[in-house]
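Numbering (numbering that gives the first Met the number 0), first residue to last: 0 to 455.
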Amino acid sequence: MVKDPSSSADTGFESAITDWLNQTLGGLLSDTIVYPIIVIIGLIIIVCLIYLFCRFLIFRPIAKSRFTSKRVSLNQLLKSKVLGSTASILAIIVISIILDVLPGLTKEFHDLTHRVIDALLIFAIARMIVRICRFADDYYSSLPSVNRDKAFQGYITVGSFIIYGVAVILVLAALLGKSPTYFLTGLGAMSAVLLIVFRDTLLSMFANVIVTTGDLVRVGDWIAVNDTDANGYVIDVSLNVVKVQNWDHTITSLPTYILIQNSFTNWRGMFDSGGRRIKRSIMLDQRSIRTLTEEDLDPIEKIPLMDKALALEKQAVVSNPECFGGLLITNSGLFRQYCLTYILQHPKIHHEGMTLLVRQLQPTENGLPIELYCFTTDTQWALYEGIQATIFDHLLSLLPVFGLRVFQAESDFAEPDPISRKVNLEPGSLVSLGSAQPKSGSDSDPQMSLEQPKPA
């Protein structure tokens, strides 16, 4: 019988390893307890050394090379930890090969160690697949044509859940020496129980796919969810929970599927458009509405912008049939045209591309609403409120000029003397807190100023 040259080479290599171990360990090679422990410790040390060598001395320099950096973002590659997973897989494969050439091991120890190594290899491969998917998502999301963070996060989350689930079954099969179908049969029998226990998780998992792939919510969006206390900025969108930091700095945690089941408002479109809507009315007292005469128009024509408002009002009523005896200009109509002229020249209001109008709404028992509908150029909350308040302060202050009054519910309070509301601003009458000097030494002590009980 002719010997296989390769088998003779393997036999020579194994004999060389056996001689080296005999010289190093001496009689411990035949010890059935100490020798396996030494092998396990040695394999762990070899795994760590190979992992560190591959990751920091081979893969990292390649990732930092000029060739790689031109094609793939270095930060994305390092943050994804794909290089670490690759180093782990190589280290596990190397110790599996080393275990096959070590002499003096029992068949039971050899089989058990191989099962553990196979389980580690399965877990490392599953983790590497997930990290590659996340790296691909980061790279795709950073493209100028996409420009959206974590575009496929929902798909990757569901895929990770499936990959790790399959990996757990394969790891158990490898450790116990069973077929994976053995565990799948038991899993099918428990599926009803698992659906009940993990109902919210499964609902949130698929809702996360809809939310992220449909770009319904991003981190940093201002959302308001109906029937909940959530009204603020989104700080986290995870598999199960969406966290919203409210305006009072409290944090509301919502199941992800709530965003699919309930309606919610996302204010991202308002910020992206660059305009924030003003929709507010001034309630005019209908008893103060009347037509204006020439004597009424002469003094108010000198007000800035009033000539443009008067021209708009004349143009609006010139074709009306009731104007047979001349132009009948009302103070409410002229005020409405003045409001339109005022916001048309306001520098903080969008004049093109967004709706801008001043309209009269249905009269109610609370007066005649004159509504301003326009958009500010600043979307920040404080600036928006300041612009809106300044506009309405100006318009409300001019109502008496048109002979109009704001409707306000009557109060039973009768002010006896309106002059009593006037504040005395003379320097001598204004006293700062703590500046008053005591009149006598006996009043200098605040404790002495209190009335003391007299002794009996």
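Where a beta carbon is used, it is the ideal one built from N, C-alpha and C, also for glycine.
Pairing Val317 with Leu327 gives a Cβ-Cβ distance that is not under 8 Å. Separation of the CB atoms of Asp228 and Asn239 is rounded to 19 Å, and the pair is thereby denied contact status at 8 Å. The beta carbons of Ala86 and Phe58 sit closer together than 8 Å. For Leu367, the three-state secondary structure derived from DSSP is strand.
Per the C-alpha coordinates, the member of Val129, Tyr34, Gln152 positioned closest to Ala206 is Gln152.
His349 sits buried, since 16 or more C-beta atoms from the chains shown fall within 10 Å of its C-beta. In the DSSP assignment, Leu89 forms no beta bridge with any residue. Contact annotation: Leu283 and Leu403 have beta-carbon atoms nearer than 8 Å. Counting of Cβ neighbours within 10 angstroms places Ser178 among the exposed residues, the total staying below 16. Using a Cβ distance threshold of 8 Å, Leu111 and Ile91 do not count as a contacting pair. By the Cβ criterion, the stretch 379 to 392 is not in contact with the stretch 249 to 269, since fewer than three pairs of Cβ atoms, one from each stretch, lie closer than 8 Å.
Where Gly231 is concerned, the enclosing beta strand (DSSP E) starts and stops at 230 to 236. Put simply, of Leu202, Ile234, Asn225, Leu201 the residue whose alpha carbon is nearest the alpha carbon of Val216 is Ile234. Asp220 and Asp214 have their alpha carbons spaced roughly 11 Å apart.
If you check the CB distance, Phe134 and Met204 do not come in under 8 Å. Scanning its chain for C-beta atoms nearer than 8 Å, with the 5 sequence neighbours on each side dropped, one finds around Asp199 the residues Asn239, Pro254, Tyr256, in chain order. Val218 is not a Cβ neighbour of Phe263, given a cutoff of 8 Å. Under the three-state reduction of DSSP output, Lys106 falls in the helix class. Less than 8 Å divides the Cβ of Thr340 from the Cβ of Leu304. Around the Cβ of Phe55, a 10 Å sphere holds fewer than 16 other Cβ atoms; the residue is exposed. In this structure, Arg114 lies near Leu174, with their beta-carbon atoms less than 8 Å apart. Just measuring C-alpha positions, the residue of Thr212, Lys301, Glu384, Val93 sitting nearest Lys278 is Glu384. From the listed residues Val93, Val208, Glu107, Ala166, the smallest Cα separation to Thr156 is found for Val208. In the displayed model, Lys278 falls within a strand according to three-state DSSP. By the CB criterion at 8 Å, Thr329 and Ile299 fall outside the cutoff. Taking 8 Å as the cut-off, the beta carbon of Val38 is found closer than this to the beta carbon of Leu101. Exclusion of the five residues before and after Ile195 leaves no residue of its chain whose Cβ lies closer than 7 Å to its Cβ. Its Cα nearest to that of Asp377, the residue Arg276 stands out among Arg276, Val400, Ile342, Leu398. Around the beta carbon of Gly274, 16 or more other beta carbons lie within 10 angstroms, which makes this residue buried. As a beta-bridge residue in DSSP terms, Arg358 pairs with Glu370.
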